[in-house]
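For reference, the structure is listed below as structure tokens.
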């Protein structure tokens, strides 16, 4: 097991990366301030991993909420179901909410923990590659509303993140692959060495070779931990983690949240952001070619769904990454570096969307 | 106009107390970081004060949400309506939510501001006595769920509080009087001088004599500001502000939120807390008599509604003021002082509830 730390003063917390940690009571117990724990999971992950997690929480009073699977569950209504469970179990201020699942479960459970009694403790136990490398670290929680993704939420840091790569063995092929959308994002936007390592090791990763997997989860978490420690509320550098996400959120909203996996949408978003950067003279075409090649090698899509460019643009304008009425894009400037660009001409965006080849 | 400050580091903010400030653009404008403002108000307050507030926000893009009146509006569903308005108006991260109304509007608008895009700016313009002296200062926001009051919410400090006592002139008699529930709470729990001043000046206050009113609003806000500055998240002394509130929340929940005004319930709660303190030998009977006398002089109730003591106790056990499974009460030890008491024998509580004389 490897541990790293997200440094946020008295809200600092560890990210534990390893195999077979779920059933280990010593790993979890120090992070629960009281006796009560509510585990939030879904109907896919629960049957696979709840028993192990219960063993790790043997010394606590544990209630469980099992939700349906899918991004379309990330709503205010589902949040209400978690509050009902917290009320039914008489969960007090010293209770802990434990998220056992992917990014959807982490976002819902974390937001519920942020709001219950104006904030209780929270532990992330991510069981998807995407959640382990990205969503579970950093304290962003949210639900979707019809107008857009993650528009309603809270910054609420967990007390600890337990990324057990054993759980990735039970992940569906498509869900596993989607995680590489966020993995590649770290390489493209922030770390050329990671990108190159991925170019060499993608076959081993797709085969779930344990050492490669543990290495990549740890690597991504350490990048995220550094960024979050320096900019918790996304006033600056943390925004670079949104590379590809303006496009991705619009794709997800246009397809009603759930048809497209988030990681797949991020992959397409990175391709479109790269093309936009090439059009604006910020990125060499050869580098954009490496991006598409690596995304294809991971088995991820490179073109958006067949929805009109106008609709995607309208949805992007609703997304959060706007201030002063202007759209901001994170664009790559080379493999391993990116910057926030506030002055993207609308015509260039239109051209990129028009030139895409929907599947 | 008098100004005082809630000192919370880089989240410090002023509380402005005076007459005729709503239409003053210079008072509000410095506290809006962007161009967009969403005013949240209700169907009673809106027709009376929205025009004045709009004049004060003349330089901004203003949208308005007008909600029905009443504590029963403080729900997750109503919160969803505010989110819909924020989405429809494409409100970005630099937008400001302005609460124009009483405690219900402040709680809803503040919680919506806490959650929209994971947190936008927020201004409190309280128009009831209760909100001016208590609810608008301190950053507590929440909604009710069927299981109890304020169980879901956030700590989210406003950028500024504008307490314009001119707005109290349009307040209904019953709503105005209810505000003295919280006013008397400050005196009983924390400030003997305020309590004595109230004993002398209650007639002038009930006549809405402007100097007396401005004085009492400023006095209460300055007590609250000091307490909040020392204990924002209610880890210690801030809990003393909950004097009477365990009983009050149970009364409100037992009557489905809305039949009883919060201030009326707090008044009864203080009477019951005083009787409990007398039974436990913590408070002299004579002092408890002064409490009932002042509450009666304010025209406030001293007995709970005709719901069973068992039901009230069950609802109190669900309330937030519990840790380690034990009920905590704030009990007065004399006029002007109170303490958190973690060891109230259940039999004493039962006796107080059984001896009450429901109206």
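Protein chains in written order, with the numbering used here: chain C, 167 to 525; chain B, 167 to 525.
Ideal Cβ positions, reconstructed from N, Cα and C, are used throughout, including at glycine.
Model, not experiment: these values are computed from the prediction.
*What residues are listed by DSSP as bridge partners for residue 206 of chain B?*
B:231 and B:265
_Within chain B, partners of residue 484 of chain C - CB distance below 9 angstroms_ = 253 and 256
*residue 321 of chain C: contacting residues in chain B (beta-carbon distance under 9 angstroms)*: 284 and 285
*Any beta-carbon of chain C closer than 8 angstroms to the one on residue 311 of chain B?*
yes
*Looking at chain B, which residues of the segment 219-241 of chain C have a Cβ within less than 7 angstroms of any of its Cβ atoms?*
none
*Could you pull out every residue in the same chain whose Cβ sits closer than 7 angstroms to the Cβ of residue 404 of chain C, ignoring the five residues on either side in sequence?*
Within the same chain, and ignoring the five residues on either side of residue 404 of chain C in sequence, the residues whose Cβ sits closer than 7 angstroms to its Cβ are 393, 394 and 397.
*asked:* Under 8 angstroms: do the segment 198-217 of chain B and the segment 197-206 of chain C share three or more Cβ pairs, one atom per stretch?
replied: no
*When the Cα of residue 494 of chain C is compared with those of C:503, C:501 and C:482, which residue comes out closest?*
C:482
_Among B:518, B:500 and B:168, the one whose alpha carbon lies nearest that of residue 354 of chain B_ = B:500
*asked:* Counting C-beta neighbours from all protein chains within 10 Å, is the total for residue 325 of chain C 16 or more, i.e. buried, or is it exposed?
replied: buried
*If the cut is a Cβ gap below 9 angstroms, which residues of chain C does residue 249 of chain B touch?*
What residue 249 of chain B touches in chain C, judged by beta-carbon distance under 9 angstroms, is 242, 311, 313, 317 and 318, going in chain order.
*asked:* Output needed in chain order: residues of the segment 439-473 of chain C with a Cβ under 7 angstroms from some Cβ in chain B.
replied: Under the 7 angstroms Cβ criterion, the segment 439-473 of chain C contributes no residue.
*Once you ignore the five residues that flank residue 169 of chain B on each side, which residues in its own chain have a CB closer than 6 angstroms to its CB?*
180 and 182
*Using a C-beta cutoff of 8 angstroms, does residue 387 of chain C count as contacting chain B?*
no
*Determine the contact status of residue 320 of chain C and residue 484 of chain C, defining contact as a CB-CB distance below 8 angstroms.*
no
_Bounding residues of the alpha helix (DSSP H) (the contiguous stretch that carries residue 347 of chain B)_ = 339-356
*Between the Cα of residue 276 of chain B and those of B:250, B:296, B:309 and B:256, spot the shortest distance and give me the residue it belongs to.*
Minimum Cα-Cα distance from residue 276 of chain B among the listed residues B:250, B:296, B:309 and B:256 corresponds to B:309.
*Cβ of residue 401 of chain C within 8 angstroms of Cβ of residue 303 of chain C?*
no
*On the premise that residue 270 of chain B lies in contact with residue 542 of chain B, defined as a C-beta separation below 8 angstroms, what is that separation, rounded to the nearest angstrom?*
No answer is possible for residue 542 of chain B: the residues shown for chain B start at 167 and end at 525.
*Report the partner residues of residue 375 of chain B according to the DSSP bridge assignment.*
Answer by DSSP bridge pairing: none, since residue 375 of chain B is not bridged.
*asked:* Measuring straight from C-alpha to C-alpha, what distance separates residue 377 of chain B and residue 281 of chain C?
replied: 40 angstroms
*For residue 182 of chain B, which three-state DSSP category applies?*
strand
*chain C partners of residue 308 of chain B, CB-CB under 8 angstroms?*
Per Cβ cutoff of 8 angstroms: 284.
_Buried or exposed (CB count within 10 angstroms, at least 16 for buried), residue 476 of chain C_ = Residue 476 of chain C is exposed by the Cβ-count criterion.
*Proximal residues, the segment 261-294 of chain B versus chain C, C-beta separation under 9 angstroms*: Of all residues in the segment 261-294 of chain B, those with a C-beta nearer than 9 angstroms to a C-beta of chain C are 277, 278, 280, 281, 282, 283, 284 and 285, reading in chain order.
*For residue 246 of chain C, go through chain B and note every residue whose CB falls closer than 8 angstroms to its CB, in chain order.*
242 and 311
*chain A beta carbons: is any one of them nearer than 8 angstroms to that of residue 257 of chain B?*
Protein chains C and B are contained in the structure displayed, whereas chain A is not.
*Please say whether residue 417 of chain B and residue 155 of chain B have beta carbons closer to each other than 8 angstroms?*
The displayed coordinates of chain B run from 167 to 525. Any statement about residue 155 of chain B would go beyond what the structure contains.
*Using only alpha-carbon positions, find the residue among C:517, C:216, C:196 and C:341 that is nearest to residue 464 of chain C.*
C:341
*Buried or exposed: where does residue 243 of chain B fall if 16 or more other Cβ atoms within 10 Å of its Cβ makes it buried?*
exposed
*Hey, would you say residue 469 of chain B sits closer than 8 angstroms to residue 523 of chain B, going by beta carbons?*
Yes, the pair counts as a contact, with Cβ atoms nearer than the cut-off.
*Roughly how many whole angstroms lie between the Cα atoms of residue 466 of chain C and residue 369 of chain C?*
13 angstroms
_Within a Cβ cutoff of 7 angstroms, which residues of the same chain sit near residue 220 of chain C, ignoring the five residues on either side of it in sequence?_
228.
_6 angstroms CB neighbourhood of residue 287 of chain B in its chain, flanking five on each side removed_ = 199, 262 and 325
*Who pairs with residue 287 of chain B in a beta bridge, going by DSSP?*
B:262
*asked:* Quick check: what's the CA-CA separation for residue 359 of chain C versus residue 502 of chain C?
replied: 8 angstroms
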